[in-house]
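First up is the structure itself, then whatever we jot down about it.
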Amino acid sequence: MMSSWKERKKQLSTSLDYDPLTTIPMIEGDSSTLAVMQGRIRNEFDQHGCKRITIIDQYFLPSDIDFIIHTFASLRGRKIRVVTKLADPNNSEQKQTHESNFKEAIKQVETKGIFSEFKVYKANIPIHDRYFISEDLSANSPCLSLGTSINMLFQSYSCIIKIENNSFKRQIIKLADLCAQGGNEIREQDDGR
Numbered sequence: 028m029m030s031s032w033k034e035r036k037k038q039l040s041t042s043l044d045y046d047p048l049t050t051i052p053m054i055e056g057d058s059s060t061l062a063v064m065q066g067r068i069r070n071e072f073d074q075h076g077c078k079r080i081t082i083i084d085q086y087f088l089p090s091d092i093d094f095i096i097h098t099f100a101s102l103r104g105r106k107i108r109v110v111t112k113l114a115d116p117n118n119s120e121q122k123q124t125h126e127s128n129f130k131e132a133i134k135q136v137e138t139k140g141i142f143s144e145f146k147v148y149k150a151n152i153p154i155h156d157r158y159f160i161s162e163d164l165s166a167n168s169p170c171l172s173l174g175t176s177i178n179m180l181f182q183s184y185s186c187i188i189k190i191e192n193n194s195f196k197r198q199i200i201k202l203a204d205l206c207a208q209g210g211n212e213i214r215e216q217d218d219g220r
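Residue numbering for the sequence shown follows this note's numbering, starting at 28 and increasing by one per position.
The following block contains the structure:
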């Protein structure tokens with residue numbers, strides 16, 4: 028019987044299927060969990076040279092853009108697409124506030140040239156699961172399923188699972204496309220969308 032997490036972690040790292048991204052981060056829990064996990068996610072997408080990344084998170088908030096910048100701004104020329112429900116559609120005041128905050132945050136990202144493209148779409152179809160996925164689909168392209176929204180990712184005992192099934196990855200991209208087509212892009216200036 029293992030007497031500590033450090034011993035268990037050492038045993039896991041020697042097993043053949045150990046992957047530092049398939050984890051429940053809070054089990055490793057220490058003060059550096061956020062930085063460690065962001066580094067692991069960043070490395071996974073960087074090592075494959077992923078230039079187009081889609082984030083699906085129904086509860087994505089304007090404040091989560093900072094997490095995206097710290098995780099994905101490591102490669103120049105990246106295109107980021109976020110698909111979200113935006114806010115509770117029954118609460119129009121909250122929805123309007125989130126949209127206004129998104130517009131300002133998107134403007135800041137564009138002004139600073141952090142990403143070559145940064146788009147946020149409010150989905151008009153019900154979405155639940157959360158993902159980070161590279162749209163540069165290949166056998167090794169990263170696709171992570173998140174057990175919770177980004178704003179709670181390292182605050183609760185939820186999982187991160189790396190998905191390696193390419194058929195399923197294609198389904199996630201189709202879902203993102205469907206959400207983007209059926210929803211509206213949040214932009215600083217309305218262009219009739």
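Note that beta-carbon positions come from the ideal geometry of N, C-alpha and C, so glycine has one too.
(message) Spatial neighbours of Phe-181 within its chain, please: C-beta separation below 8 Å, excluding the five flanking residues on both sides.
(response) Numbered from its first residue, the sequence shown carries residue 181 at position 154. Around Phe-181: Pro-52, Met-53, Thr-60, Leu-61 and Met-64.
(message) Taking contact to mean 3 or more Cβ pairs, one atom from each stretch, closer than 8 Å, check whether the stretch 156-168 and the stretch 80-96 are in contact.
(response) Yes: at least three Cβ pairs fall under 8 Å.
(message) Could you check whether Ile-133 and Phe-142 sit closer than 8 Å to each other, using their CB atoms as the reference points?
(response) Taking the first residue of the sequence shown as position 1, residue 142 is located at position 115. Taking the first residue of the sequence shown as position 1, residue 133 is located at position 106. It is not a contact, given that the beta carbons lie outside the stated cut-off.
(message) Taking 8 Å as the cut-off, does the stretch 125-139 touch the stretch 85-92 (at least 3 CB pairs, one atom from each stretch)?
(response) The answer is yes - the stretch 125-139 touches the stretch 85-92, with three or more Cβ pairs under 8 Å.
(request) Express the C-alpha separation of Ser-165 and Lys-78 in angstroms, rounding to a whole number. (result) To locate residue 78, count along the sequence shown from 1; it is residue 51. To locate residue 165, count along the sequence shown from 1; it is residue 138. The alpha-carbon atoms of Lys-78 and Ser-165 are separated by roughly 13 Å.
(request) Let me know if Lys-37 comes out buried or exposed under the rule of 16 or more other beta-carbons within 10 Å of its beta-carbon. (result) Translated into positions along the sequence shown, residue 37 becomes position 10. Result: exposed.
(request) Indicate whether Phe-87 and Thr-111 have their beta-carbon atoms separated by less than 8 Å. (result) Taking the sequence shown and counting its residues from 1, one reaches residue 87 at position 60. Taking the sequence shown and counting its residues from 1, one reaches residue 111 at position 84. Yes, the pair counts as a contact, with Cβ atoms nearer than the cut-off.
(message) Which residue wins for smallest C-alpha separation from Gln-194, given the options Asn-167, Leu-173, Tyr-184 and Leu-205?
(response) As a working note, residue 194 is residue 167 in the sequence shown. For the record, residue 194 in the displayed sequence is Ser; it is not Gln. Out of Asn-167, Leu-173, Tyr-184 and Leu-205, Asn-167 has the C-alpha closest to the C-alpha of Ser-194.
(request) Would you grab the beta carbon distance between Phe-246 and Arg-108 for me? Rounded to a whole angstrom, and I think it's under 8 Å. (result) Because the chain is modelled from 28 through 220, residue 246 falls outside the range shown and cannot be assessed.
(message) Using only CA atoms, which one of Ile-177, Ser-172, Asn-178 and Cys-186 lies nearest to Ile-200?
(response) Position 173 of the sequence shown holds residue 200. It is Ser-172.
(request) Evaluate Lys-149 with the Cβ neighbour count: other Cβ atoms within 10 Å of its Cβ, from every protein chain shown; 16 or more gives buried, anything less gives exposed. (result) Residue 149 sits at position 122 when you count from the first residue of the sequence shown. Note on Lys-149: 16 or more other CB atoms within 10 angstroms of its CB, so buried under the neighbour-count rule.
(request) Please name the residue in Asp-44, Arg-67 and His-97 whose C-alpha comes closest to that of Pro-169. (result) Mapped onto the sequence shown, residue 169 falls at position 142. Minimum Cα distance to Pro-169 is reached at Arg-67.
(request) Rank Asn-151, Leu-48 and Arg-35 by C-alpha distance to the C-alpha of Ile-188 and give the top, closest one. (result) Within the sequence shown, numbered from 1, the residue matching residue 188 stands at position 161. Taking only the C-alpha atoms, the option nearest Ile-188 is Leu-48.
(request) Would you give the residue range spanned by the beta strand (DSSP E) that Glu-144 belongs to? (result) The residue given as residue 144 occupies position 117 in the sequence shown. 144-149 is the extent of the beta strand (DSSP E) around Glu-144.
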